[in-house]
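S.K.: Anchor point for the sequence shown: position 141 equals 141 in full-length UniProt numbering, and the numbering is continuous, going up by one each time.
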Amino acid sequence: MRHTGNEIVFLLMKKEKSVIRFFHEEIVQYNYTLLFKKESSFIPEKTISEVEISTKMDDTIREPEDHFIRFGPEVVEEIRREHNFDKKEDRDEAIAIIEKWLKSQDHLVKKDFDRAYLERCIITSKSSLERTKKQIDKLATFKTLVPKYFQVINILDSDVTPILHAGYFAILPTLTKDYHRVSVLKLKSTIDIKSTYFEQLFKFIVVVAEYLKSNDYCRGYKLIVDLMDVNPSDIISKLNLVELQQFLPILTEGYGTKIKGIIYLTSSKFIDGFIKIVKPFFSEKIASRLHVAPNLEALRELLPEEILPEEYGGKAPSLSILHEKIVKQLSSVQQQAIMKEMNRARTDETKRQRDKFNDQYMGMAGTFRTLSLD
């Protein structure tokens with residue numbers, strides 16, 4: 001693989017740095033009362049057209065102003081160091097290379113991304129500029145080839161709205177000591193599971209992924225799937241495997257999501273059959289991170305108690321409060337503006353070299369594949 005002169009300089013600079021890094025063992029504790037502010041206290045009353053999407057930001061990574069999710073400057077510094085990305089001149093060099101590459105790609109419709117977004121792309125690509133280019137290109141291609149997952153602008157005015165009442169989805173504000181972000185998906189006992197729910201759920205997850213790609217900074221993600229109030233066999237019978245195998249690469253390869261663990265909270269024996277079905281869609285590494293917690297005690301052995309919602313014996317707010325907060329975040333005019341702008345980041349396949357498309361994407365959405373990213 002050939003590199004430009006700038007890329008060679010950047011790679012040589014990286015090799016000279018030490019790869020031994022130490023990470024902090026404690027997360028700065030924040031005051032949860034920030035979560036209880038009224039929506040009007042942190043969401044300006046503006047229309048989408050009035051929200052400016054800046055593409056000329058510096059590369060300073062900060063928590064969202066409302067501190068809905070938290071990571072702190074020490075997390076940014078440590079993750080940058082372990083990726084040999086802690087020096088500003090290195091970041092400037094790498095981001096400049098990606099920006100120049102974007103301008104040279106005729107088939108990419110959107111070429112202007114803010115520096116913080118590009119840094120997150122580089123970090124989730126393990127500081128490989130070639131992998132960063134592929135990640136950006138793949139997400140744009142997914143948006144063009146399987147557009148049905150990228151249609152939502154406002155979650156409160158779309159076909160995903162019904163699933164917002166079928167359960168709770170929460171992003172936990174505090175990271176684990178390994179700098180992992182934990183989310184919770186809990187289905188209500190009153191839910192009547194329909195096959196259409198999975199496509200709606202995947203569309204909702206895309207909105208979540210866009211929010212996290214623009215706002216979060218962590219080593220990876222863990223998900224608690226709380227099935228204590230439902231029968232997993234109902235889920236298995238409605239699961240569309242073709243949709244599942246289409247969507248997983250969008251999440252892992254397009255958004256660069258690092259799956260650090262999926263924990264199924266259920267005492268049902270049917271969960272073993274479910275895991276057996278979905279395991280082939282993952283690499284061996286990710287498949288080894290699928291866990292079952294039959295009770296809350298087992299869950300607390302897998303995750304620190306202090307970050308969990310109060311229903312699980314933790315110190316975070318309740319699932320209902322966190323669910324309400326994330327719905328407000330994802331339906332805000334700011335997020336709608338982001339979704340509208342990022343949905344423009346597609347491809348014009350008439351301008352792509354045919355040989356490159358055939359090599360990378362033929363059969364992408366129609367065959368069973370093994371996911372290798374971690």
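Every residue, glycine too, gets a C-beta built ideally from N, C-alpha and C.
Tell me the rounded alpha-carbon separation between V109 and N343.
M.R.: The alpha-carbon atoms of V109 and N343 are separated by roughly 10 Å.
S.K.: Would you say the beta carbon of K258 comes nearer than 7 Å to a heavy atom of the ligand NAD?
M.R.: For the structure depicted, the ligand NAD is absent and the ligand set is empty, with no information on it obtainable.
S.K.: For the alpha helix (DSSP H) containing G72, name the first residue and the last one.
M.R.: Run containing G72: 72–82, per the alpha helix (DSSP H) assignment.
S.K.: Note down, in chain order, each residue of its chain lying with its Cβ closer than 7 Å to the Cβ of S214, except the 5 sequence neighbours on either side.
M.R.: Here the set comprises Y117, I338.
S.K.: Where does R346 land, buried or exposed, given buried means 16+ other C-beta within 10 angstroms?
M.R.: Counting Cβ neighbours within 10 Å, R346 comes out buried, since at least 16 surround it.
S.K.: Would you grab the beta carbon distance between S135 and G220 for me? Rounded to a whole angstrom, and I think it's under 8 Å.
M.R.: Here the sequence assigns Gln to residue 135, which means Ser is not the residue at that position. At roughly 15 Å, the Cβ-Cβ gap does not stay under 8 Å, so Q135 and G220 are not in contact.
S.K.: Excluding the 5 residues preceding and the 5 following K186 in the sequence, name in chain order all residues of the same chain whose CB lies nearer than 7 Å to its CB.
M.R.: Excluding positions up to five away in sequence, the list reads G167, Y168, D226, L319.
S.K.: Quick one: grab the DSSP three-state call for G254.
M.R.: DSSP places G254 in helix when its eight states are reduced to three.
S.K.: Alpha carbon to alpha carbon, how far is A287 from K351?
M.R.: Their backbone Cα atoms lie some 38 Å apart in a straight line.
S.K.: K111 to Q353, Cα distance in whole Å?
M.R.: In a straight line, the C-alpha of K111 is about 18 Å away from that of Q353.
S.K.: Got a sec? Which residues, its chain only, sit under 7 Å from M228 by beta carbon, not counting five neighbours each side?
M.R.: Cβ within range, chain order: L265, T266.
S.K.: Just to confirm my understanding: we take P64, look at its own chain, exclude 5 residues before and 5 after, and list those with CB closer than 6 Å. What are they?
M.R.: Closer than 6 Å at the Cβ level, and outside the excluded window around P64, lie N215.
S.K.: In whole angstroms, give me the CA-to-CA distance for I8 and S128.
M.R.: Here the model assigns I8 a pLDDT of 46, short of 50, so the residue's position is not dependable, and the following value carries that caveat. Using only the alpha carbons, I get a separation of about 12 Å.
S.K.: Indicate whether the contact test is met: 3 or more Cβ pairs, each with one atom in the stretch 191–203 and one in the stretch 236–251, closer than 8 Å.
M.R.: Enough Cβ pairs lie closer than 8 Å, so yes.
S.K.: Where do the ends of the beta strand (DSSP E) carrying F169 lie?
M.R.: Run containing F169: 167–171, per the beta strand (DSSP E) assignment.
S.K.: Please report the distance separating the alpha-carbon of L34 from that of T132.
M.R.: Note on L34: pLDDT 34, under 50, position unreliable in the model; no value is reported.
S.K.: Within 10 Å of its beta-carbon, does L139 have 16 or more other beta-carbons around it, so buried, or fewer, so exposed?
M.R.: L139 is buried by the Cβ-count criterion.
S.K.: Who pairs with D226 in a beta bridge, going by DSSP?
M.R.: K186, L265.
S.K.: Assign E119 to one of two classes, buried (16 or more other C-beta atoms within 10 Å of its C-beta) or exposed (fewer than that).
M.R.: It is buried - the Cβ of E119 has at least 16 other Cβ atoms within 10 Å.
S.K.: To which residues does DSSP link L290 through a beta bridge?
M.R.: Paired residues: I262.
S.K.: Assuming the contact rule is C-beta atoms closer than 8 Å, E306 and E243 should be a hit. Round their C-beta distance to whole Å, please.
M.R.: Actually they do not touch by this definition, with Cβ atoms about 36 Å apart.
S.K.: In or out: H83 buried (at least 16 other Cβ within 10 Å) or exposed?
M.R.: Flag for H83 reads buried.
S.K.: Check whether the stretch 96–104 and the stretch 142–154 touch, using three or more Cβ-Cβ pairs below 8 Å as the test.
M.R.: The stretch 96–104 is not in contact with the stretch 142–154.
S.K.: What separation, rounded to the nearest whole angstrom, lies between the Cα atoms of L212 and F204?
M.R.: Cα to Cα, L212 sits roughly 13 Å from F204.
S.K.: Where does Y221 fall in DSSP's three states?
M.R.: DSSP places Y221 in strand when its eight states are reduced to three.
S.K.: Which residues mark the beginning and the end of the alpha helix (DSSP H) in which F113 is found?
M.R.: No alpha helix (DSSP H) contains F113, which DSSP labels as neither H nor E.
S.K.: Can you name, in chain order, every residue of its own chain whose Cβ lies under 8 Å from the Cβ of K279, other than the five neighbours on each side?
M.R.: So the qualifying residues of the chain are A287, L290.
S.K.: Note down, one range per segment and in chain order, each beta strand (DSSP E) of at least 3 residues found wholly within the stretch 269–344.
M.R.: If we require 3 residues or more, the beta strand (DSSP E) runs fully inside the stretch 269–344 come out as 290–293.
S.K.: Measuring CB to CB, does F274 end up less than 8 Å from P232?
M.R.: Their beta carbons are under 8 Å apart, which means F274 touches P232 by this criterion.
S.K.: Residues in its own chain within less than 8 Å of P309 by CB, not counting five upstream and five downstream?
M.R.: Within the same chain, P309 has close Cβ partners A170, L172, V184, A316, P317, S318, L319, L322.
S.K.: Looking at the C-beta of N343, does it have a partner C-beta in chain C at a distance below 8 Å?
M.R.: Any reference to chain C falls outside this structure, which holds one protein chain only.
S.K.: Assign T124 to one of three DSSP states: helix, strand, or coil.
M.R.: It is helical.
S.K.: Since L108 sits in a beta bridge, which residues does DSSP pair it with?
M.R.: BP columns for L108 point to T347.
S.K.: Just list the residues that DSSP pairs R181 with in beta bridges.
M.R.: Looking at the DSSP assignment, R181 forms a beta bridge with Y221.
S.K.: With distances taken from CA atoms, which of E210, V230, R70 is nearest S268?
M.R.: The residue with the shortest Cα to Cα distance from S268 is V230.
S.K.: What whole-angstrom Cβ distance do A293 and I263 have, given they're in contact under 8 Å?
M.R.: Contact holds; Cβ gap of about 5 Å.
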